[in-house]
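In UniProt numbering, the protein residues as written are 1 to 114. Read the structure below first, then the notes.
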Amino acid sequence: MTVTIALPGETIEYKDDVLYINKEAVDEPYLITAKNESQKENLYLTEDFGPITIPEETIFVLGDNRQNSLDSRMIGPIPIDQIVGKMRDCKLFCVNGFLRNKKSHRRLYMEGRA
């Protein structure tokens, strides 16, 4: 699964296996098991990168399988007009046209597509 990590204008950074959005640490509970496995081998699940400011009309995505994922770390931010998909069975709330999952801070941009 690919997770939208950052929205246009946000600055992201990964340092010591912690995600920072606009200099605030963000909890990623969906990665706990994978992080624990990596730590057993004295590795980080996600290599350090950034800071990166996300350009307008794009988002930054990361795969849950961080060590083997083709995502924005390799291909860059994704243009919003290229997002096609549907989200089901997820509780979200809306902020300025963007939907955010309250529990895990996963983010989705909705353009009225189904």
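Where is the CB? At the ideal position from N, CA and C, for every residue including glycine.
Within 8 Å, strictly: CB atoms of residue i and residue j
i	j	result
I59	L7	yes
S70	I5	Checking the sequence, you will find Leu at residue 70 rather than Ser. For L70 and I5, no; Cβs fall outside 8 Å.
I54	E10	yes
D27	Y44	no
V3	D81	no
E57	P79	yes
Residue i versus residue j: straight-line alpha-carbon distance, rounded
i	j	result
K15	F49	7 Å
G37	M1	Contrary to the premise, residue 37 reads as Glu rather than Gly in this sequence. Computed Cα separation, rounded: 19 Å.
P51	T33	26 Å
E13	I83	23 Å
R73	Y30	19 Å
N22	R66	21 Å
N42	K35	10 Å
K40	N68	18 Å
Residues that residue i bridges to, as DSSP identifies them
i	result
residue 115	Since the first and last residues shown for the chain are 1 and 114, residue 115 lies out of range.
P79	T58
A6	F60
E24	I21
I52	I12
Cβ neighbour criterion (16 or more within 10 Å) applied to residue i
i	result
A25	exposed
G112	Note that G112 scores a pLDDT of 37, beneath 50, so its modelled location is shaky and nothing firm can be said.
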